[in-house]
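Here is the structure we will look at.
In UniProt numbering, the protein residues as written are 1 to 247.
Structure follows, in structure tokens:
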């Protein structure tokens with residue numbers, strides 16, 4: 001994670017008032033240039049890079065987001081050329097992005113996740129975020145019509161607010177409590193995320209709760225095992241929060 005840091009002291013772009021299509025920096029909070037970057041520096045040729053994976057999303061990204069997209073690929077996968085990624089495997093690692101608010105962080109990361117899953121459909125991205133931004137992440141997937149399933153794990157309290165479908169009640173069987181419904185909801189979403197290409201979003205508190213290894217219940221042990229072993233790409237929103245080496 002400490003491998004690379006991209007800092008930004010510039011003001012975010014305004015997105016342009018003459019464009020009818022909403023740009024990614026209008027409502028989000030991601031903005032950065034490398035301190036020595038040239039805004040006119042050409043982006044990688046599309047036919048030899050990961051850009052060919054998301055042509056429809058590339059058109060919606062600003063120049064600074066395109067540079068950041070390539071920055072992510074270079075530091076996480078080792079290259080922006082799909083044919084060289086395996087050869088560059090020793091360069092794989094992670095990166096820290098230091099940014100100013102308001103320039104499309106969420107959409108940039110979503111674009112990266114889409115491209116990553118297209119190249120590596122067997123990988124399982126996990127997004128951890130503060131509970132105050134969880135629904136923002138989910139709404140961004142809907143807003144940009146991302147064709148990849150996204151599963152949002154609610155906290156136990158917020159689940160009562162956002163729950164939509166009631167669990168079927170069988171004759172003679174007691175009606176499940178909200179806590180039971182919440183566990184079933186978590187179990188279903190984690191199982192689906194584990195089974196096919198998709199994105200799982202959850203809060204830090206929910207993650208720690210579900211990761212407990214001392215549970216005596218089989219379903220909780222299953223969820224803890226999946227969350228420990230399945231994520232192969234981890235996104236930490238507000239990453240300064242889990243910066244402790246003991247996290």
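All C-beta atoms in this analysis are idealised placements derived from N, C-alpha and C, irrespective of residue type, glycine included.
| What residues in its chain sit with their C-beta under 8 Å from that of residue 212, if we drop five residues either side in the sequence? | 220 and 224
| query | Should residue 131 and residue 203 be called a contact, given that it needs their Cβ atoms to be closer than 8 Å? | reply | In this structure, residue 131 places its C-beta atom within 8 Å of the C-beta atom of residue 203.
| said: Taking only three categories from DSSP, how would you classify residue 78? | reply: Coil.
| said: When you compare the CB positions of residue 95 and residue 119, do they come within less than 8 Å of one another, or not? | reply: no
| field | Distance between residue 183 and residue 176 (C-alpha atoms, nearest Å) | value | 11 Å
| In chain order, what residues of the same chain have a beta carbon less than 6 Å from the beta carbon of residue 207, not counting five sequence neighbours either side? | 128
| message | Using the Cβ count rule (16 or more neighbours within 10 Å means buried), how would you classify residue 205? | response | exposed
| Candidates 193, 80 and 110: which alpha carbon is nearest residue 236's? | 110
| message | Let me confirm a value: residue 218 is counted as buried when at least 16 other C-beta atoms fall within 10 Å, else exposed. Which label applies? | response | exposed
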